[in-house]
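Chains as they are written, first to last, in the working numbering: chain B, 4 to 350; chain E, 45 to 606.
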């Protein structure tokens, strides 16, 4: 389920447009389609992507209306009913919009919806729904990500009526992460949210223990917590943004035991520009524990140097000739068409 | 192969919060001020939160390393409180006497004319005038700062001796042309057609101020968006920083940043990286009590997150919480940041500090009593005043009901606590939102609910009418088929549609008590005291025909019963 709002034209001047959110939801949508099999995507992106719109309305036909809280909640109810009928595998929820902090649940800010009521848009109270879902035997796994601000902004949180649901026999695997802690803003740029950018890196293979194909929920959280604050400070100096996760250690599976997926190694990542003119044949590659991971090789194109096939992570390039060292990060990123690309950059 | 270990020393200004991650991005250490680590060789990332900046350094630990990180951008609080010595010099020692003062700093303003907008202090709704006020030049040459001195001593305390509730009120101005960075900045928003021509109106924001004996409370607020110098970026309009000092002294430098960290973490209800250096700073013998109690609050949150304070300590021994699935604390896998804190040591540390303070002059302060509840040290007391900081903890609510607390002779005056609940919440959650917005939201929320009910009634009416038509048509067809002789008869009462019978038997009327609903949901709706003060105005402005709504609900109930 993808929820994003890129424009709030009728928010009483209180909510600015988030052009990056449209790009975020499109990237997330394309990446899910290309990387997950048998996935059913319910996309609440506003304004909808041109490809998702029906043919131009003829006279007398209503235009597409912005969705509201009731639309999302109705879908949540459908998902819940479907899961209660027969436990489903995985629920993936992603939101990119303005958010309002829910003090009791810092990792689940309320999401401002596309349509508004009176002075402010509706608020979807994720902190009401997510704990209900995870406590019921509806899905085995829950992945929820909120690229939303987490501030005490104008607006009143809706009151959530607890649902009477059966308890689950076994603890679920849960990963819930918000882009920032309460009191912070999630940084948005015209090309997308910083949190979403780092999240897609993590989910496409950048997160994980060095040399290990399995990526766990704990790996993803660690990657986000390390890289989102650094990236936010790079994009806007002085901006502090720290992701926050939700976990009930008494009711959820240990996140380090929650394997999300198996990643593939990055092949032929170009490091020519990182060698500072050194002979590739004289440069070793050390892994994050400073153990040998191979040597830099010549690429298919003349004059290029590439890394051997390695999992994404931190590495060190070390020259055998003069002892020169350079820490690098080999990472994956998701392009706008959903494809995954690998590249190396200096640390 | 065994990895060799090396020393890593990390240093920075006091208040710097360090985080060290390994090659897998896993956090291996957190702490404040100074870190001395012994780690296996590898690639590490050291980041330090310093004021508004995050400084990052990559470390290749194949030999002992020592690094020092410096802040490139001081926080707004650091900037503001650097003026404290000049303010004290301007005030003069004779104006500062024991009993508690508030020194409010606000800026930077473009000039003295723009700084005409001052903060206002109220005690139980009555204005408290400033004793002294003035201006100071900004140390960076960007305009001026205003300062005001208020007396906090409660000369008009209630007969019970309970101190009054102090509120600090100031106006904010979100002028579009001088908008701040942030999600609610209107500069990048498309103006709504109905509001495009409307000028931005200043609105008031407020927060509650804890009254704490002889201490001087230093408060720093950003200037309004429309009064600040051109091109200067300030925190958002609702930002505030509080620090305490002895009368006549500037806020202690060593604790300045710690104040920021503690109160920011408190506002977020999240745990501070309570490393040993942080605890050493928090709990010296001459500890700032407000800071220490706030830290105790944070420690209880941390312990709660670890499952060590699921219930009050003195109740936890009798029953253990076992949830479906039977999983306990995670025992395998990589340690999380929370797990790295020695929970037992943390609890023992605060327990010892609270016990030590048990007979001191601070012992009867409500927050100290509440903190002792949380850490299992109930003592005889009659609490008429709710604690300012700790009310919002779930554990404290349990403490009010704790049999052991009662057995120890502690009683809480419900009449006082209940009425002031939301005030404490307003402080604990740092809800410095415009009061005006709460009124509007309250209004729209109630309207929304009522219109939803009306829409539901209309929908059910239509569905009912359609069903009745189908039913009548079906009945007609059956009758025409089986009993044609009766088809022309006029209908008897037994054959009238059911809804007519229902409508003729009106259920007992009931009233929709909007006021009772709102009052009973004050906590859920997060309505601050200042909004509740305008409660009557809000209700009157709703202009609800309560009888009409009651009738609508009554009809709806009748149909739903069918």
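From the three backbone atoms N, C-alpha and C, an ideal C-beta is built for every residue, glycine too.
Per DSSP, which one or two residues make a beta bridge with residue i?
i, result
"residue 329 of chain B", "B:320"
"residue 179 of chain E", "E:190"
"residue 102 of chain B", "B:114"
"residue 403 of chain E", "BP columns for residue 403 of chain E are empty, so no partner."
"residue 153 of chain E", "E:188"
"residue 178 of chain B", "B:146"
"residue 153 of chain B", "B:187"
"residue 274 of chain B", "Bridge partners of residue 274 of chain B: none, in fact."
"residue 73 of chain E", "E:64"
"residue 260 of chain B", "For residue 260 of chain B, which the question treats as bridged, DSSP gives no partner whatsoever."
"residue 39 of chain E", "The structure shown does not extend to residue 39 of chain E, since chain E spans only 45 to 606, so no value can be given for it."
"residue 81 of chain E", "E:52"
"residue 88 of chain E", "E:103"
"residue 219 of chain B", "B:262"
"residue 289 of chain E", "E:260"
"residue 7 of chain B", "B:48 and B:99"
"residue 172 of chain B", "Its beta-bridge partners do not exist; DSSP assigns none."
Suppose you measure from the CA of residue i to the CA of residue j; what does that come to, to the nearest Å?
i, j, result
"residue 271 of chain E", "residue 395 of chain E", "47 Å"
"residue 54 of chain E", "residue 263 of chain B", "34 Å"
"residue 41 of chain B", "residue 50 of chain B", "26 Å"
"residue 335 of chain B", "residue 228 of chain B", "17 Å"
"residue 302 of chain B", "residue 267 of chain E", "58 Å"
"residue 348 of chain B", "residue 333 of chain B", "7 Å"
"residue 180 of chain B", "residue 101 of chain E", "25 Å"
"residue 340 of chain B", "residue 183 of chain B", "27 Å"
"residue 47 of chain B", "residue 339 of chain E", "42 Å"
"residue 49 of chain E", "residue 313 of chain B", "25 Å"
"residue 153 of chain B", "residue 196 of chain E", "33 Å"
"residue 183 of chain E", "residue 124 of chain E", "9 Å"
"residue 540 of chain E", "residue 516 of chain E", "Because residue 540 of chain E sits at a pLDDT of 27, beneath the cut-off of 50, its placement in the model cannot be relied upon, and the point is left open."
"residue 160 of chain B", "residue 113 of chain B", "7 Å"
"residue 214 of chain B", "residue 293 of chain B", "12 Å"
"residue 277 of chain B", "residue 211 of chain B", "23 Å"
"residue 60 of chain E", "residue 51 of chain E", "20 Å"
"residue 103 of chain E", "residue 316 of chain B", "15 Å"
"residue 166 of chain E", "residue 292 of chain E", "23 Å"
"residue 192 of chain E", "residue 132 of chain E", "11 Å"
"residue 86 of chain B", "residue 125 of chain B", "26 Å"
"residue 193 of chain B", "residue 52 of chain B", "16 Å"
"residue 138 of chain B", "residue 170 of chain B", "6 Å"
"residue 145 of chain B", "residue 93 of chain B", "6 Å"
"residue 353 of chain B", "residue 338 of chain B", "This structure cannot settle anything about residue 353 of chain B, because the visible part of chain B is limited to 4 through 350."
"residue 70 of chain E", "residue 222 of chain B", "7 Å"
"residue 194 of chain E", "residue 94 of chain E", "31 Å"
"residue 270 of chain B", "residue 285 of chain B", "20 Å"
"residue 279 of chain B", "residue 11 of chain B", "48 Å"
"residue 188 of chain E", "residue 126 of chain E", "14 Å"
"residue 230 of chain B", "residue 201 of chain B", "7 Å"
"residue 329 of chain B", "residue 204 of chain B", "22 Å"
"residue 250 of chain B", "residue 97 of chain B", "17 Å"
"residue 69 of chain B", "residue 75 of chain B", "11 Å"
"residue 415 of chain E", "residue 408 of chain E", "11 Å"
So, under 8 Å CB-CB, residue i and residue j are touching, yes? Tell me the CB distance rounded to an integer number of Å.
i, j, result
"residue 176 of chain E", "residue 139 of chain E", "6 Å"
"residue 186 of chain E", "residue 265 of chain E", "So it is not a contact: roughly 16 Å between Cβ atoms."
"residue 263 of chain E", "residue 148 of chain E", "5 Å"
"residue 128 of chain B", "residue 105 of chain B", "7 Å"
"residue 27 of chain B", "residue 195 of chain B", "5 Å"
With 8 Å as the threshold, decide whether the Cβ of residue i is near any Cβ in chain A.
i, result
"residue 65 of chain E", "Given the protein chain composition of this structure (B and E), no chain A is represented."
Taking any Cβ of chain B, which residues in the segment 68-88 of chain E have a Cβ under 8 Å from it, in chain order? 68, 69, 70, 71, 84, 85, 86 and 87
Chain B contacts from the segment 97-111 of chain E (Cβ-Cβ distance under 7 Å): 97, 98, 100, 102, 104 and 106
Taking any Cβ of chain E, which residues in the segment 311-323 of chain B have a Cβ under 7 Å from it, in chain order? 316, 317 and 319
Residues of the segment 213-235 of chain B with a CB closer than 9 Å to any CB of chain E: list them in chain order, please. 213, 215, 219, 221, 222, 224, 225, 226, 227, 228, 229, 230, 232, 233 and 235
What are the residues of the segment 68-82 of chain B that lie near chain E, defined by any Cβ-Cβ distance shorter than 7 Å? none
Beta strand (DSSP E) segments (min. 3 residues) lying fully within the segment 223-254 of chain B: Scanning the segment 223-254 of chain B from its first residue to its last, the whole beta strand (DSSP E) runs of 3-plus residues come out as 247-249.
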